[in-house]
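Single-structure report; data block below.
2 protein chains.
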Amino acid sequence: MQHNPKKINSELNPNVSVDCVIFGFDLEQLTVLLIDRGEISSAFGPRMALPGNLIYDNENLDMAANRVLDELTGLNNIYLEQVGAFGDPDRIHKESDREWLKSIRAEPEARVITVAYFTLVPMSDYKPQASSFAKNADWVPVSEIKELAFDHFEILQAAKEKLKQKIKIQPIGFNLLPEKFTLSQLHRLYESILDKPLDKRNFRRKIQKLDILTSLREKQRGVPHKPSLLYEFNEEKYQELTQTGFDNFGF
Amino acid sequence: MQHNPKKINSELNPNVSVDCVIFGFDLEQLTVLLIDRGEISSAFGPRMALPGNLIYDNENLDMAANRVLDELTGLNNIYLEQVGAFGDPDRIHKESDREWLKSIRAEPEARVITVAYFTLVPMSDYKPQASSFAKNADWVPVSEIKELAFDHFEILQAAKEKLKQKIKIQPIGFNLLPEKFTLSQLHRLYESILDKPLDKRNFRRKIQKLDILTSLREKQRGVPHKPSLLYEFNEEKYQELTQTGFDNFGF
DNA sequence: ATAGCTTTGTGTCAATTTTACACTATCCAA
DNA sequence: TTGGATAGTGTAAAATTGACACAAAGCTAT
Numbered sequence: 005m006q007h008n009p010k011k012i013n014s015e016l017n018p019n020v021s022v023d024c025v026i027f028g029f030d031l032e033q034l035t036v037l038l039i040d041r042g043e044i045s046s047a048f049g050p051r052m053a054l055p056g057n058l059i060y061d062n063e064n065l066d067m068a069a070n071r072v073l074d075e076l077t078g079l080n081n082i083y084l085e086q087v088g089a090f091g092d093p094d095r096i097h098k099e100s101d102r103e104w105l106k107s108i109r110a111e112p113e114a115r116v117i118t119v120a121y122f123t124l125v126p127m128s129d130y131k132p133q134a135s136s137f138a139k140n141a142d143w144v145p146v147s148e149i150k151e152l153a154f155d156h157f158e159i160l161q162a163a164k165e166k167l168k169q170k171i172k173i174q175p176i177g178f179n180l181l182p183e184k185f186t187l188s189q190l191h192r193l194y195e196s197i198l199d200k201p202l203d204k205r206n207f208r209r210k211i212q213k214l215d216i217l218t219s220l221r222e223k224q225r226g227v228p229h230k231p232s233l234l235y236e237f238n239e240e241k242y243q244e245l246t247q248t249g250f251d252n253f254g255f
Numbered sequence: 005m006q007h008n009p010k011k012i013n014s015e016l017n018p019n020v021s022v023d024c025v026i027f028g029f030d031l032e033q034l035t036v037l038l039i040d041r042g043e044i045s046s047a048f049g050p051r052m053a054l055p056g057n058l059i060y061d062n063e064n065l066d067m068a069a070n071r072v073l074d075e076l077t078g079l080n081n082i083y084l085e086q087v088g089a090f091g092d093p094d095r096i097h098k099e100s101d102r103e104w105l106k107s108i109r110a111e112p113e114a115r116v117i118t119v120a121y122f123t124l125v126p127m128s129d130y131k132p133q134a135s136s137f138a139k140n141a142d143w144v145p146v147s148e149i150k151e152l153a154f155d156h157f158e159i160l161q162a163a164k165e166k167l168k169q170k171i172k173i174q175p176i177g178f179n180l181l182p183e184k185f186t187l188s189q190l191h192r193l194y195e196s197i198l199d200k201p202l203d204k205r206n207f208r209r210k211i212q213k214l215d216i217l218t219s220l221r222e223k224q225r226g227v228p229h230k231p232s233l234l235y236e237f238n239e240e241k242y243q244e245l246t247q248t249g250f251d252n253f254g255f
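Chains A and B are the protein sequences, given in the same order.
So the first sequence is numbered by this note's numbering: it starts at 5 and just counts up by one.
So the second sequence is numbered by this note's numbering: it starts at 5 and just counts up by one.
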């Protein structure tokens, strides 16, 4: 199910936009959902951009970010967090950028402040269709992204850093995994986000000691090797943990 | 030296403002520099507000925040960091708020997004004068603030939380202290920011082990008790430390 | 069916870090 | 000179971290 622009009767605010860094995890590495602006815009700048749009005057910033996410992927109830506001006066400097902005109904003359968000989606919940609504979106491994349109690369960096800090404090990584996952997958996830290797045994010991995972009596199927046990995140146990004032996972 | 509005020839952006949470430390507790909007505005809402203003179209967000700080206190080169963007459509709901906004040249009808910053100033560098430029500003202990105008209380909370997290990662606390300070003052500072007691001996041991302080051969003077040794923050030593990938002070 | 490939899952020991805790030293003021 | 206030210091037990290697389980190809 895809997209349905709401609030057509409200005014777009020409000065404020939101951009979303939509993180996914392909069980190997961290990825981001990018939009291909097509060959037209590519003459003078990178084709790939973060999804984003201007905000409506009757929605708050979080709502706008959720709307952008919903319009692109059809997903709701997704972990979402603000990264911050970006807005140099010369943020949009290329002719191609102006053209692109016109195409999404933005006023290319005005100075635009953008509020960046990052969201964590279980990648299995959204597979871009070649035929999906207008936009040409695709998952791209973070490590392969060297440039983006506008100031989006800078925004991506900031989002990665924020995610990195946040995961040391709250177990938000689970939002990137399917409901049932293996410890190895979780391990890989932490390594990709923290961008450093973590000793396997020490990682498992640390996670298990936290006691916020439910171990299922179920194994992986169809893998060409010893199948792993599956686990679920245990929200209740985590809430108990936070009651104690716990706010440091020590990575 | 006080204030001199620059960039008068540039346009104010009616949709975007910055607000500054200016933190100080009176050697006892964390404080914030607030503006008293006066009795006129107080009929329907709290008198005290964070300093802030609309941004000009030719300045970026950081510049705008620095300008607000400069106009109010005359201070430059101050530690400054973005907290985030705030902007519910109904952010400004009270009649008194609208009046107040008019008085600072803001367009009270328009929906305003505000970008919040926090700054850390050595409190001794700015003592509000009763006769200071127009605005009636004063240091208020954070613990005594129960409400603020607009959504400024919410912003303050966010700023406190950001500061708390940040100080666990970078030794920015020194920006709140005079150049020469005692370990007890630093200790108190960390306690106020983290909002929890820290064992004196353990704190001192931890700080000293980091080896980012220069111990001066100089003592406190005029205190009615055993005078403390004075220390300076050693920027070079800290830079060395970060080279090692260090990013966790373990509080 | 077997051999080989791949990933899972596990324990220990040494080093480091954390926590809890109490008394003497030094200066000022009365 | 005494009393009041804060500075400054050490240790022992407990917890955490970091480094490290091999057998078990399932799949695949022969």
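For glycine and all other residues, C-beta sits at the position ideal for the given N, C-alpha and C.
Exercise. Can you give the Cα-Cα distance for Trp143/B and Gly254/A, rounded to whole angstroms?
Worked result: Locating residue 143/B in the second sequence gives position 139, counting from the first residue. Locating residue 254/A in the first sequence gives position 250, counting from the first residue. Cα to Cα, Trp143/B sits roughly 36 Å from Gly254/A.
Exercise. Hey, out of Pro201/B, Lys223/B, Asp61/B and Val22/B, whose CA is closest to His191/B's CA?
Worked result: Here residue 191/B is taken as the residue at index 187 of the second sequence, counted from 1. Out of Pro201/B, Lys223/B, Asp61/B and Val22/B, Pro201/B has the C-alpha closest to the C-alpha of His191/B.
Exercise. Of the residues Ser14/B, Glu165/B, Gly56/B and Pro18/B, which one's Cα is nearest the Cα of Glu63/B?
Worked result: Looking up residue 63/B in the second sequence gives position 59. Of the candidates Ser14/B, Glu165/B, Gly56/B and Pro18/B, the one whose C-alpha sits nearest the C-alpha of Glu63/B is Ser14/B.
Exercise. Excluding sequence positions up to five away, which residues of its chain have a Cβ less than 8 Å from the Cβ of Glu276/A?
Worked result: Absent from the model: residue 276/A. The displayed extent of chain A is 5 to 255, so no value can be given.
For this session: Check whether the Cβ of Leu190/A lies closer than 7 Å to any heavy atom of the ligand MN, and answer yes or no.
Result: Among the ligands in the structure shown, none appear at all, so the ligand MN cannot be discussed.
Problem set entry | Residue range of the unbroken beta strand (DSSP E) whose run includes Phe185/B | On the second sequence, residue 185/B is found 181 positions in, with the first residue counted as 1. Secondary structure note for Phe185/B: it is in no beta strand (DSSP E), with a DSSP letter that is neither H nor E.
For this session: Kindly list, in the order they appear in chain A, the residues whose Cβ is closer than 9 Å to that of Ala163/B.
Result: One-based indexing of the second sequence puts residue 163/B at position 159. Contact of Ala163/B with chain A by beta-carbon distance below 9 Å is absent, the smallest such distance being about 13 Å.
Exercise. Is there at least one Cβ from chain A nearer than 8 Å to Arg115/B's Cβ?
Worked result: In the second sequence, counting from the first residue as 1, residue 115/B sits at position 111. Closer than 8 Å to some Cβ of chain A, the Cβ of Arg115/B qualifies, so yes.
Problem set entry | Cβ-based contacts, 7 Å cut-off: residues of the segment 13-33 of chain A near chain B | Cβ proximity to chain B below 7 Å picks out Asn17, Asn19 and Val20 from the segment 13-33 of chain A.
For this session: May I ask which residues mark the beginning and end of the alpha helix (DSSP H) holding Leu76/B?
Result: Taking the second sequence and counting its residues from 1, the one referred to as residue 76/B is at position 72. Bounds of the alpha helix (DSSP H) holding Leu76/B are Leu65 to Thr77.
Exercise. Under the three-state reduction of DSSP, which class applies to Leu54/A: helix, strand or coil?
Worked result: By 1-based counting over the first sequence, the position of residue 54/A is 50. The answer is coil: DSSP assigns Leu54/A none of H, G, I, E or B.
For this session: Using a Cβ-Cβ cut-off of less than 9 Å, list which residues of the segment 53-64 of chain A approach chain B; keep chain order.
Result: Going along the segment 53-64 of chain A in chain order, one finds Ile59, Tyr60, Asp61, Asn62, Glu63 and Asn64 with a Cβ nearer than 9 Å to chain B.
Exercise. If we cut at 8 Å on Cβ distances, does Gln174/B have a partner in chain A?
Worked result: Working through the second sequence from its first residue, we reach residue 174/B at position 170. Using beta-carbon distances, Gln174/B does not count as an interface residue toward chain A, since no partner is under 8 Å.
Problem set entry | Spatially closest choice to Pro145/B from Gly28/B, Cys24/B, Asp23/B and Val22/B, by CA coordinates | Position 141 of the second sequence, counting from 1, holds the residue named residue 145/B. Looking at the Cα atoms, Gly28/B is the closest of the given residues.
For this session: Output, in chain order, the set of chain B residues within a Cβ distance shorter than 7 Å of Gln247/A.
Result: As a first step, residue 247/A must be located in the first sequence, where it is residue number 243. Chain B residues near Gln247/A: none, gap ~15 Å exceeds 7 Å.
Problem set entry | Coil, strand or helix - Met5/B by DSSP | As a working note, residue 5/B is residue 1 in the second sequence. Only weak support exists for where Met5/B lies, its pLDDT of 41 falling under 50; the value from the coordinates is given anyway. DSSP places Met5/B in coil when its eight states are reduced to three.
Problem set entry | Nearest-angstrom Cα separation, counted from Phe207/B out to Ala53/A | Along the first sequence, read from residue 1 onward, the residue named residue 53/A stands at position 49. Along the second sequence, read from residue 1 onward, the residue named residue 207/B stands at position 203. Going from the Cα of Ala53/A to the Cα of Phe207/B covers about 46 Å.
Exercise. So, is Arg205/B buried or exposed, given that buried needs 16 or more other C-beta atoms within 10 angstroms?
Worked result: For the purposes of this step, residue 205/B is taken as the residue at position 201 of the second sequence. Counting Cβ neighbours within 10 Å, Arg205/B comes out exposed, since fewer than 16 surround it.
Exercise. With burial defined as no fewer than 16 other Cβ atoms inside 10 Å of the residue's Cβ, what is the status of Gly88/B: buried or exposed?
Worked result: As a position in the second sequence, residue 88/B is number 84, starting the count at 1. With 16 or more other Cβ atoms within 10 Å, it is buried.
Exercise. Does Gly49/B come within less than 8 Å of chain A when only Cβ atoms are used?
Worked result: Counted from its first residue, the second sequence places residue 49/B at position 45. Taking 8 Å as the threshold, the shortest C-beta distance from Gly49/B to chain A does not fall below it.
Exercise. According to the neighbour-count rule (16 or more other Cβ atoms, all chains shown, within 10 Å of its Cβ), is Arg41/A buried or exposed?
Worked result: For the purposes of this step, residue 41/A is taken as the residue at position 37 of the first sequence. Flag for Arg41/A reads buried.
Exercise. Under 8 Å between C-beta atoms, does Ala69/B make it to chain A?
Worked result: Taking the second sequence and counting its residues from 1, one reaches residue 69/B at position 65. It does not; no Cβ of chain A falls within 8 Å.
For this session: Enumerate in chain order the residues of its own chain whose CB-to-CB distance from Ile176/A is below 7 Å, with the five nearest sequence positions on each side excluded.
Result: Here residue 176/A is taken as the residue at index 172 of the first sequence, counted from 1. Cβ neighbours of Ile176/A within its own chain (closer than 7 Å, five residues either side excluded): Tyr83, Leu124 and Lys170.
Problem set entry | Within-8 Å CB hit, Gln86/B to chain A | As a first step, residue 86/B must be located in the second sequence, where it is residue number 82. It does: the Cβ of Gln86/B has a partner Cβ on chain A nearer than 8 Å.
Problem set entry | Element boundaries [beta strand (DSSP E), containing Phe122/A] | Stepping through the first sequence from its first residue, residue 122/A is reached at position 118. In this chain, the beta strand (DSSP E) harbouring Phe122/A covers Ile117 to Leu124.
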